[in-house]
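Visitor:
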Amino acid sequence: MLQTSESLSFFKNLVRIPSLSHEEKEIADYVEAYINRNNLRAQRHDDNVYVTLGTGSPHLLLNSHLDVVPPSAEHPYPPFGATEVDGCIYGRGTVDAKASGSAMLRALIELNNNGWRPEKGSVTVALTTCEEVGGDYNGLQQLRLHLPTLDAALVGEPTEMQPCVGQKGLLILRAHAKGQTAHAARAHLGKNAIYAAARDALKIEEFEFEKADTHLGKPTITATLVEGGTAKNVVPDVCTLTLDIRSTPAYTHEELIELIDSQLESEIEVYSKRLIPTSTDPEERIVKACLAALPNAKTFGSPTTSDWVFLNDIPTVKIGPGPSQRSHTPHEHIEIDTLLHGVRGYKSIIKAYFKNTIPL
Numbered sequence: 004m005l006q007t008s009e010s011l012s013f014f015k016n017l018v019r020i021p022s023l024s025h026e027e028k029e030i031a032d033y034v035e036a037y038i039n040r041n042n043l044r045a046q047r048h049d050d051n052v053y054v055t056l057g058t059g060s061p062h063l064l065l066n067s068h069l070d071v072v073p074p075s076a077e078h079p080y081p082p083f084g085a086t087e088v089d090g091c092i093y094g095r096g097t098v099d100a101k102a103s104g105s106a107m108l109r110a111l112i113e114l115n116n117n118g119w120r121p122e123k124g125s126v127t128v129a130l131t132t133c134e135e136v137g138g139d140y141n142g143l144q145q146l147r148l149h150l151p152t153l154d155a156a157l158v159g160e161p162t163e164m165q166p167c168v169g170q171k172g173l174l175i176l177r178a179h180a181k182g183q184t185a186h187a188a189r190a191h192l193g194k195n196a197i198y199a200a201a202r203d204a205l206k207i208e209e210f211e212f213e214k215a216d217t218h219l220g221k222p223t224i225t226a227t228l229v230e231g232g233t234a235k236n237v238v239p240d241v242c243t244l245t246l247d248i249r250s251t252p253a254y255t256h257e258e259l260i261e262l263i264d265s266q267l268e269s270e271i272e273v274y275s276k277r278l279i280p281t282s283t284d285p286e287e288r289i290v291k292a293c294l295a296a297l298p299n300a301k302t303f304g305s306p307t308t309s310d311w312v313f314l315n316d317i318p319t320v321k322i323g324p325g326p327s328q329r330s331h332t333p334h335e336h337i338e339i340d341t342l343l344h345g346v347r348g349y350k351s352i353i354k355a356y357f358k359n360t361i362p363l
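Right, here's the structure in full:
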């Protein structure tokens, strides 16, 4: 009962701290002090806080993020109130991803309090910053420069504690349709870039990729923004479509760029390509540990991106309590039982990973 109470109290305190991206100092201070109060030694780089149990390799990382997106309209309760109603905790970040982060840290603390250590190797829990924004700074990416070599990882995101072994990437392109300006009264003297962009938009709507990934299916492409025209009586000479491509390991981003460029008459500009698709072979030790530790667990692929992109060089599983569909919504909440199941689940996965019965 004491462990249950401690897990719930820690989680509520995390939710009560409004840790928007780039504003994580207060929550990092709290997490650092909490670790030190619980017989472990916290380490920190910027506002990224981490703690390690054991030494040497294999080295397992459990990572989730401290930052949340801003509150939206129509929250039924104060977004940072950690309001408990009918066995659920409501608030921004309850699912994405403070349930994962708090459960990971509580799992390590409880293992330590019970005297558990890996017979061989080490496990680190790292709670990092700036996952929710796509800027140049990412907490996990920076922290990896200060961590020893990793052998495997768990990324804490809401998956209902089902092991995700593949996630789509995000490629953003801008397609610039070119025309020739003219007075709208003499439109025949110009070339309307909006029409050229419209032709490309129709091609995009009908386009289907050939290759599919086992867990993620085929990539998708969607036009999400259109920008064109300067005045109501001028034929526009430029019109730009922003294209959102959710990529899979079936194609590299370079292959996708070349393929899309060959299909459109517009000129292609790469806006962002750093969020690459990722996948882990189901035969990897970390996947087997998840399946061994969690009854009824089944591997799957996720359409959403995460900090897994910064762990693409090692076997990684995305897994955490709560459903992804509640992320970033006004009614974001998590059941207390689900949170506690996450703590137990992470403990079981950690112990299963370091058992000698699961080969490297």
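Just so you know, the numbering used here puts 325 at position 322 of the sequence shown, and the rest follows in order with no gaps. Each residue gets a CB set at the ideal place from its N, CA and C atoms; glycine is no exception.
Please say whether Leu130 and Leu64 have beta carbons closer to each other than 8 Å?
Guide: no
Visitor: In the DSSP assignment, what residue or residues form a beta bridge with Cys91?
Guide: Val88, Glu338
Visitor: How long is the line joining the alpha carbons of Val128 and His256, rounded to whole angstroms?
Guide: 31 Å
Visitor: Cα separation between Asp206 and Leu146?
Guide: In the sequence on display, residue 206 carries Lys and not Asp. A direct Cα-Cα distance of roughly 42 Å separates Lys206 from Leu146.
Visitor: Could you tell me the distance, in whole angstroms, from the CA atom of His331 to the CA atom of His78?
Guide: 11 Å
Visitor: Kindly list the residues whose CB is nearer than 6 Å to the CB of Val72, restricted to its own chain and excluding five residues on each side of it in sequence; keep chain order.
Guide: Glu135, His331
Visitor: Going by DSSP, what residues sit across from Arg249 in a beta bridge?
Guide: Per DSSP, the beta bridge partners of Arg249 are Leu173, Thr223.
Visitor: Could you check the C-alpha separation between Pro324 and Ser103 for me, to the nearest Å?
Guide: Each residue's alpha carbon lies about 6 Å from the other.
Visitor: Mind checking Gly90: buried by the 16 CB within 10 Å criterion, or exposed?
Guide: exposed
Visitor: How far does the beta strand (DSSP E) with Ser275 in it extend, from its first residue to its last?
Guide: Looking at the DSSP string, the run of the beta strand (DSSP E) that includes Ser275 is 270-278.
Visitor: Kindly list the residues whose CB is nearer than 8 Å to the CB of Lys350, restricted to its own chain and excluding five residues on each side of it in sequence; keep chain order.
Guide: Ala110, Glu113, Leu114
Visitor: Starting from Val290 and walking both ways along the alpha helix (DSSP H), at which residues does that stretch end?
Guide: 288-296
Visitor: Determine, using beta carbons only, whether His344 and Met107 come nearer to each other than 8 Å.
Guide: no
Visitor: Could you tell me the distance, in whole angstroms, from the CA atom of Val229 to the CA atom of Pro121?
Guide: 54 Å
Visitor: Answer yes or no: do Leu174 and Leu56 have a C-beta to C-beta separation smaller than 8 Å?
Guide: No, the pair does not count as a contact, with Cβ atoms beyond the cut-off.
Visitor: Are the beta-carbon atoms of Val158 and Gly96 separated by less than 8 Å?
Guide: no
Visitor: So if DSSP puts Tyr349 in a beta bridge, which residue, or which two residues, is it bridged to?
Guide: Bridge partners of Tyr349: none, in fact.
Visitor: Once you ignore the five residues that flank Pro252 on each side, which residues in its own chain have a CB closer than 6 Å to its CB?
Guide: Asp216, Pro280, Ser282
Visitor: Going by beta-carbon coordinates alone, are Glu287 and Pro318 separated by less than 8 Å?
Guide: yes
Visitor: Quick one: measure Cβ to Cβ for His179 and Val126, integer angstroms, because I've assumed they're closer than 8 Å.
Guide: 49 Å between Cβ atoms; not a contact.
Visitor: Let me make sure I understand the geometry here. Which of Lys101, Leu278, Asp50, Leu244 has the alpha-carbon closest to that of Glu268?
Guide: Ranked by how close their Cα comes to the Cα of Glu268, the residues Lys101, Leu278, Asp50, Leu244 have Leu244 in first place.
Visitor: For Glu134, name the three-state secondary structure that DSSP assigns.
Guide: Coil.
Visitor: With DSSP as the reference, label Glu230 as helix, strand or coil.
Guide: strand
Visitor: Which same chain residues end up closer than 6 Å to Ala295 when comparing Cβ atoms and leaving out the 5 residues on each side of it in sequence?
Guide: Beyond the five residues adjoining it in sequence on each side, Ala295 comes within less than 6 Å, by CB distance, of Ala355 in the same chain, given in chain order.
Visitor: Check for me: the beta strand (DSSP E) holding Lys321 runs from which residue to which?
Guide: 319-321
Visitor: Closest by CA to Ile353, which one among Cys293, Ser75, Asp32?
Guide: Cys293
Visitor: Rounded to whole angstroms, what is the Cα-Cα separation between Ile263 and Thr308?
Guide: 21 Å
Visitor: Mind pulling the alpha helix (DSSP H) runs of 4 or more residues that sit fully within the segment 95-173?
Guide: Annotation note: the segment 95-173 contains the following uninterrupted alpha helix (DSSP H) runs of length 4 or greater, listed N- to C-terminal: 102-116, 142-146.
Visitor: Would you mind stating whether Ser10 and Leu342 have Cβ atoms separated by less than 8 Å?
Guide: Judged by beta-carbon spacing, Leu342 lies within the 8 Å limit of Ser10, meaning their Cβ atoms are closer than that value.
Visitor: Just to confirm, is the Cβ distance from Val346 to Val168 under 8 Å?
Guide: no
Visitor: Could you give the residue range of the alpha helix (DSSP H) that holds His256?
Guide: 256-266
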